[in-house]
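There are 2 protein chains.
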Amino acid sequence: MSTKPIILTGDRPTGPLHLGHYVGSLRNRVHYQHEYKQYIMLADAQALTDNMDDIDKVHRNVIEVALDYLAVGIDPKLSTIFIQSQVPELTELAFYYLNLVTVARLERNPTVKEEIRLRNFERDIPAGFLTYPVSQAADITAFKATLVPVGEDQIPMIEQTNEIVRRFNRLYKHPVTKQEILVETKALVPEIGRLPGIDGKAKMSKSLGNVINLGASADEVSKAVKKVYTDPLHLKIEDPGHVEGNIAFTYLDAFDTDKAAVAEFKAHYTRGGLADSVVKKRLEAVLQELLTPIRTRRAELAEDKGYILQLLREGTEQAREVAARTMDEVKAALGLNYF
Amino acid sequence: MSTKPIILTGDRPTGPLHLGHYVGSLRNRVHYQHEYKQYIMLADAQALTDNMDDIDKVHRNVIEVALDYLAVGIDPKLSTIFIQSQVPELTELAFYYLNLVTVARLERNPTVKEEIRLRNFERDIPAGFLTYPVSQAADITAFKATLVPVGEDQIPMIEQTNEIVRRFNRLYKHPVTKQEILVETKALVPEIGRLPGIDGKAKMSKSLGNVINLGASADEVSKAVKKVYTDPLHLKIEDPGHVEGNIAFTYLDAFDTDKAAVAEFKAHYTRGGLADSVVKKRLEAVLQELLTPIRTRRAELAEDKGYILQLLREGTEQAREVAARTMDEVKAALGLNYF
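The listed protein sequences correspond, in order, to chains A and B.
full-length UniProt numbering numbers the first residue of the first sequence as 1 and each following residue consecutively.
full-length UniProt numbering numbers the first residue of the second sequence as 1 and each following residue consecutively.
Right under this line is the structure:
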C-alpha cells in the first residue's frame with residue numbers, strides 16, 4: 001500500500017466542467033496526483049439528492065466530466081477516477097454514520113442551510129439532502145483521506161466528518177488490533193479563490209450563461225471573451241480604468257503565465273490609454289492557448305466512449321476494493337461480523 | 001421463481017424472544033411459511049439505530065433469536081432467515097429512497113413520534129432513527145413483499161413504504177421493459193392483539209421483568225406463573241372473580257387449546273368458588289406443555305452454533321440474491337448503470 005497522503009476529491013456530474021472548475025480544482029489535481037494518492041469521485045449518487053427529477057442529466061454527465069478530467073491531464077494511472085454509485089459500500093457506511101449524528105446537528109450545518117436556501121426547499125427538504133454531509137463523511141472516510149480540497153464554504157462539511165470520526169473512534173475499536181479505524185481529515189483550501197463568471201457574478205453557472213466550458217469551441221471562447229465584464233466607467237481609451245472587479249484582469253491573473261506582462265497591462269490600463277479590446281485580445285489568446293489542446297484531446301477521447309468506460313470501470317474497481325476494506329473494519333468494530 | 005405471495009417479517013435482535021413474540025408473530029410465521037414465500041430478517045442494523053452504545057447486545061442476540069426461531073418450528077427450508085447487515089443492498093436502497101421523502105414527512109410519522117417519545121430523545125434524535133421508516137421501506141421493497149405482518153401501531157410504516165413505492169414508480173420505470181419496478185405492500189394485522197406482561201402491563205419487556213422467555217426453564221415458568229396478575233378483588237375463593245383484565249385468563253385464552261374448558265373455568269371463576277391457584281395450575285400446565293419441547297429443541301440447537309451460523313449464511317445468501325436483483329433494477333431505472 002502507498003504511504004502517500006490520501007486525497008478525496010470529485011464533482012457532481014450535473015454538467016460539463018468549465019474554467020471555474022479548472023482554476024478551483026482541476027489544475028490542482030493535475031499536480032496533486034504526483035504528490036498524493038488521489039481518489040477522484042464522480043458523485044452521481046450525491047447529484048441525485050436534488051436531481052431526482054432529471055436523472056438523465058446525471059447519467060449523461062458522468063461521461064462528460066470524465067472526458068474533462070482526462071482532457072486537462074488527470075492521469076488515470078496516477079489518480080483513481082471512480083463512479084460513486086458503483087461503490088455501494090459508501091451508502092452502507094453512511095447508513096451506520098446516520099446513527100452517530102443528531103437531526104438537530106444536521107439542521108445546524110451552515111453549508112446545508114445555505115444550500116437549502118439556494119434551492120428554495122423550505123419545508124420540503126428531501127431527507128437525502130439533509131443527510132448529505134453524512135454521505136460525504138462516508139465518502140471521505142471510506143478512503144481514509146487525510147486531505148479534501150474544498151472551498152471555504154465547505155469547511156463545515158469537513159468538521160461534520162471529523163465529528164463522526166471522533167465519535168466512532170471513541171466508541172468502537174478494531175476487535176482484534178484494538179486500533180482506531182477511522183482517520184480525521186483536513187480541508188485543503190486552494191490559495192486562489194473562486195473564479196467569478198464572465199459577467200462578474202460570483203456564481204458561475206450554465207443557466208446564467210456566464211461560463212466558458214473546457215470543451216468550448218474556438219468560436220465560443222471568442223464570443224465569450226467579447227462579453228467579459230470590464231470597467232463600465234472606462235468609456236474612452238485614454239480614460240484611467242479600474243482593474244479591481246474587472247473580469248478581464250481577474251481572468252488574466254488566473255490564466256496568463258506571464259505575470260510581468262499582466263502587471264504592465266494593469267499599470268497601463270490604470271493610468272489610461274489601454275483599450276478594453278487590447279486587453280481582451282490578450283485574454284482570448286491566453287484562453288485559446290490553454291483550451292485548444294484540451295478541446296482537441298477531449299474530442300479525440302470522446303470518439304471512444306468504450307475506452308472511457310473501461311477506465312472508469314478499472315478506477316471504480318480499485319476504489320471499491322479500498323472502500324470495502326474500510327467497510328469490513330467498520331462492520332467488525334460494530335459487531336456486524338458473523339460468518 | 002415462486003409465485004406465492006411474499007412476506008417480509010423479522011425482529012430486532014436486542015434480547016431473547018418471549019411469549020409475546022410467540023403469540024404476536026412466531027406462531028403465525030410457522031403457518032405462513034407453508035402458504036407464502038417468507039423472508040425473516042434479523043434486523044441487527046436497525047437495532048443499532050438506538051443501540052450504538054451496546055453493540056455487543058445486538059451481535060449476541062442475533063444467534064439467540066435465530067435459536068428461538070428454529071425452536072418454535074420455523075423451518076429454514078421453508079422460510080428464508082437472514083441477517084439484515086449482511087445484505088448491504090438494503091442500505092443502498094434506503095439511501096436512494098431518502099431523496100424521495102421529505103424531512104417534514106418523516107417528522108410527522110406517528111410511529112416515529114411515539115418511539116422518539118418513549119426513548120426520551122427530545123432534540124437529540126439520531127438521524128438514523130428519524131430515517132428508519134425509509135430503511136424499513138427498503139427492507140420491504142427489496143423483497144417485493146406484498147404482506148408485512150405488523151401491529152396496528154406500525155401501520156404508518158406501511159403507509160410510508162407505499163408512498164415511496166408510488167412516488168418511485170411514477171417517476172421511474174425499468175429502462176428496457178418500461179414496467180414498474182417496486183411493489184406496494186399491505187399490513188397483515190394479526191387477529192390476536194398484543195399479549196400483556198404477566199403483571200398486566202401492556203408493554204412486555206425484559207427490564208420490567210414481566211415476560212416469560214421461550215427458552216425459560218421449567219422453574220422459571222413456574223415462578224413466573226405464580227406472579228401472574230389476577231383479580232386483586234378476588235380475595236376469598238368463594239367470591240365472584242373478574243375475568244376481564246385477569247392475566248391468568250388472558251394467557252389461557254392465548255395458549256390453552258381446549259376452549260371449552262377455558263370457558264367453563266371463566267364461568268366458574270365469575271360466579272365464585274374457583275381459586276386463583278387452580279387457574280394458575282392449569283395455566284402452568286399449558287405453558288409447560290408449550291414450552292418444554294421448545295426449550296429442549298433450543299438447548300439442542302444451542303450446542304452447535306456452527307450449524308446455526310451455516311443456516312444463517314445460507315439464508316442470507318438467498319436473501320442477498322433477491323435484494324441485489326431489485327437493487328439492479330432500481331439502479332437501472334435511476335440511470336445508475338454504466339458498465
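No residue lacks a Cβ here, since even glycine has one placed at the ideal position from N, Cα and C.
Just so we're clear, the structure is a prediction, and the values are computed from it rather than from any experiment.
| query | What separation, rounded to the nearest whole angstrom, lies between the Cα atoms of SER217/B and ALA299/B? | reply | Cα to Cα, the separation comes out at about 10 Å.
| task | Give every residue of the same chain whose Cβ lies closer than 6 Å to the Cβ of ASP199/B, excluding the five residues on either side of it in the sequence, and list them in chain order. | result | The answer, listed in chain order, is ASN210 and TYR229.
| message | Which same chain residues end up closer than 6 Å to LYS206/A when comparing Cβ atoms and leaving out the 5 residues on each side of it in sequence? | response | Sequence-distant Cβ neighbours of LYS206/A in its own chain, meaning closer than 6 Å and more than five residues away, are GLY15.
| message | Tell me the rounded alpha-carbon separation between LEU106/B and ALA261/B. | response | Approximately 48 Å between the Cα atoms of the pair.
| message | Using a Cβ-Cβ cutoff of less than 6 Å, which residues in the same chain neighbour ALA224/B once the five nearest sequence positions on both sides are dropped? | response | Taken in chain order, the residues that qualify are ILE198 and ILE212.
| field | Beta carbon of THR3/A nearer than 8 Å to that of GLN38/A | value | For THR3/A and GLN38/A, no; Cβs fall outside 8 Å.
| query | Closer than 8 Å, CB to CB, is ALA323/A near chain B or not? | reply | At a cut-off of 8 Å, the C-beta of ALA323/A has no neighbouring C-beta in chain B.
| Can you name the residues of chain A whose CB is closer than 9 Å to the CB of ARG123/B? | Taking a Cβ-Cβ cut-off of 9 Å, the neighbours of ARG123/B in chain A comprise THR102, VAL103 and ALA104, given in sequence order.
| request: Determine the burial state of GLN46/B: buried for a count of at least 16 other Cβ atoms within 10 Å of its Cβ, exposed for fewer. | output: The residue in question, GLN46/B, is buried, as its Cβ has 16 or more Cβ neighbours within 10 Å.
| Inter-residue spacing [alpha-carbon to alpha-carbon] between THR146/A and ILE55/A | About 32 Å.
| field | Of the residues LEU93/B, HIS21/B and LEU17/B, the one placed nearest ILE181/B, counting alpha carbons only | value | Measuring from the Cα of ILE181/B, the nearest candidate turns out to be LEU93/B.
| request: Show which residues of chain B have a CB atom less than 8 Å away from the CB atom of LEU92/A. | output: Reading off the sequence, residue 92/A comes out as Glu, not Leu. For GLU92/A, the residues of chain B that pass the 8 Å Cβ criterion are PRO88, THR91 and GLU92, in the order they occur in the chain.
| task | Tell me, please, whether the CB atom of ILE55/B is closer than 8 Å to any CB atom in chain A? | result | In terms of beta-carbon proximity, ILE55/B lines the interface with chain A, with at least one pair separated by less than 8 Å.
| request: Taking only beta-carbon positions, decide if HIS59/A is within less than 8 Å of chain B. | output: By this cut-off, HIS59/A is an interface position.
| said: Alpha carbons only, please: which of ILE247/B, GLY73/B, ASN61/B and HIS59/B is nearest the one belonging to LEU291/B? | reply: Among ILE247/B, GLY73/B, ASN61/B and HIS59/B, the Cα nearest to that of LEU291/B is on GLY73/B.
| task | Quick one: residues in its chain with C-beta nearer than 7 Å to the C-beta of VAL101/B, no 5 flanking neighbours on either side, listed in chain order? | result | Closer than 7 Å at the Cβ level, and outside the excluded window around VAL101/B, lie VAL134 and ILE164.
| said: With a threshold of 8 Å between beta-carbons, can GLY128/B be considered close to chain A, or not? | reply: Interface residue, yes.
| query | Does any heavy atom of the ligand HEM sit closer than 7 Å to the C-beta of ARG282/A? | reply | Within the structure as shown, the ligand HEM is missing, as the structure has no ligands at all.
| said: Suppose you measure from the CA of LEU42/B to the CA of ILE83/B; what does that come to, to the nearest Å? | reply: LEU42/B and ILE83/B have their alpha carbons spaced roughly 5 Å apart.
| field | ASP75/A and LEU17/A closer than 8 Å at C-beta | value | Cβ atoms of ASP75/A and LEU17/A: not closer than 8 Å.
| message | Against chain A, with Cβ distances strictly below 8 Å, would TYR338/B count as a contact? | response | True, the Cβ-Cβ gap to chain A drops below 8 Å.
| said: Restricting to Cα atoms, I'd like to know which of LYS280/A, TYR338/A and ALA285/A is closest to ILE308/B. | reply: For ILE308/B, the nearest C-alpha among the options comes from TYR338/A.
| message | Using a Cβ-Cβ cutoff of 8 Å, what residues of the segment 135-168 of chain B are near chain A? List them in chain order. | response | Residues passing the 8 Å Cβ filter: SER135.
| Identify the residues that DSSP records as bridge partners of TYR39/A: which are they? | In DSSP, TYR39/A forms a bridge with LEU8/A and THR80/A.
| task | Would you kindly work out how many angstroms separate the C-alpha atoms of LYS236/A and GLY272/A, rounded to a whole number? | result | Roughly 9 Å between the two C-alpha positions.
| task | Note down, in chain order, every chain B residue with its Cβ under 8 Å from the Cβ of PHE95/A. | result | Going along chain B in sequence order, the residues near PHE95/A (Cβ under 8 Å) are ALA45, THR91, ALA94, PHE95, GLY128 and SER135.
| request: Write down the C-beta distance between ALA187/B and ILE140/B rounded to the nearest angstrom, noting that I regard them as a contact closer than 8 Å. | output: Beta-carbon to beta-carbon, ALA187/B and ILE140/B are separated by about 11 Å, too far to satisfy the 8 Å threshold.
| task | Could you pull the start and end residues of the beta strand (DSSP E) that PRO149/A belongs to? | result | Taken as a continuous stretch (DSSP letters only), the beta strand (DSSP E) holding PRO149/A covers 147-149.
| For ASN109/B, the three-state DSSP class (helix, strand or coil) | Correct three-state label for ASN109/B: coil.
| Pairwise C-alpha distance: HIS21/B and LYS203/B | Cα to Cα, LYS203/B sits roughly 12 Å from HIS21/B.
| message | With DSSP as the reference, identify every bridge partner of HIS18/A, one or two as the case may be. | response | Beta-bridge pairing links HIS18/A to ASN213/A.
| query | By Cβ distance, which residues of its chain are closer than 7 Å to ALA66/A, with the 5 residues on each side in sequence left out? | reply | Contacts found: LEU42, ILE81, ILE308 and LEU312.
| request: Tell me whether the beta-carbon of VAL62/B lies closer than 8 Å to the beta-carbon of ASP44/B. | output: For VAL62/B and ASP44/B, yes; Cβs fall inside 8 Å.
| query | Who are the Cβ neighbours of TYR32/B in its own chain at under 7 Å, not counting the five residues just before and after it? | reply | Only residues of its own chain outside the window of five on either side were considered, and among them ILE7 and GLN38 have a CB closer than 7 Å to the CB of TYR32/B, listed in chain order.
| query | Do we get a CB-CB distance below 8 Å when we pair VAL112/A with the residues of chain B? | reply | Chain B contact via Cβ: absent.
| task | Work out the CA separation of SER79/B and HIS242/B for me, nearest whole Å. | result | Roughly 41 Å between the two C-alpha positions.
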